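Numbers in our numbering are just positions in the sequence shown, counted from 1, shifted up by 618. Glycine residues also receive a C-beta, built at the ideal position from the N, C-alpha and C atoms. In this text, all values refer to a predicted model and were calculated from it rather than measured experimentally.
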Amino acid sequence: MSAGDDGRVRLRAVRDTDLEWFLAFEHDEEALRRSRFTARPRERFMDHWRDNVLGDESCLVRTVTVDSRPAGHVVSWWEEGERRFLGYWLGREYWGRGVGSAALTRYLRDEEAVRPLYADPFIGNTASVRLLEKLGFRHTGTVRHGDDEHALLVLPSHLNPAGDPP
Numbered sequence: 619m620s621a622g623d624d625g626r627v628r629l630r631a632v633r634d635t636d637l638e639w640f641l642a643f644e645h646d647e648e649a650l651r652r653s654r655f656t657a658r659p660r661e662r663f664m665d666h667w668r669d670n671v672l673g674d675e676s677c678l679v680r681t682v683t684v685d686s687r688p689a690g691h692v693v694s695w696w697e698e699g700e701r702r703f704l705g706y707w708l709g710r711e712y713w714g715r716g717v718g719s720a721a722l723t724r725y726l727r728d729e730e731a732v733r734p735l736y737a738d739p740f741i742g743n744t745a746s747v748r749l750l751e752k753l754g755f756r757h758t759g760t761v762r763h764g765d766d767e768h769a770l771l772v773l774p775s776h777l778n779p780a781g782d783p784p
């Protein structure tokens, strides 16, 4: 049975100690390759999280846990005050186990009510794109971040997290 199927996946408020887990997850080479993200040095990472994520009242962030152990995070934020974006990051040991699906379903159902909600994963990160589409996000185009093309996905206002009408 996968971790996502048996209720072991939970969301909770971020604790300071979670940031060390998040930093380690961000520095995983395979995760970086798949996301086309550039890992930040520890001090810059901590400053970003404390100032721009935890210090921004408009950000909604939760730690994803499996059996009470930090497995990643889910966050949403306003981009240029116009669009609400969703992002998430899971430790590699939780990939392919239903953790992302369970965590995002809970987050979209219980935490983040803003719709439409956008996401822009690297287009080559097919697992992330598929997961978001499974949850009801629709492909609306592409955007560039530096040299990389990212899918622009939207969860429309008329859909619940599973892609079903309310």
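Cα-Cα separation between Thr758 and Glu661, rounded to whole angstroms: 36 Å
Same chain, Cβ closer than 6 Å to Arg701, five either side skipped, listed in chain order: Tyr736
Beta bridge counterpart(s) of Pro785 as assigned by DSSP: As shown, the chain starts at 619 and ends at 784. That puts residue 785 outside it, with no answer to give.
Contained alpha helix (DSSP H) runs [length at least 4] in the stretch 621–684, N- to C-terminal order: 636–644, 647–653 and 660–665
Any chain B beta carbon closer than 9 Å to Asp646: Reference to chain B is not applicable here, since this structure consists of a single protein chain.
Identity of the residues DSSP links to Leu771 by a beta bridge: Ala737 and His757
Cβ contact (3+ pairs, closer than 8 Å) linking the stretch 665–672 and the stretch 706–725: no
Length of the line joining the Cα atoms of Arg633 and Glu711: 21 Å
Start and end residues, alpha helix (DSSP H) containing Gly718: Val717 to Arg724
Nonlocal neighbours in the same chain, by C-beta distance under 8 Å from Arg756, ignoring five residues either side: Leu771, Val772, Leu773 and Pro774
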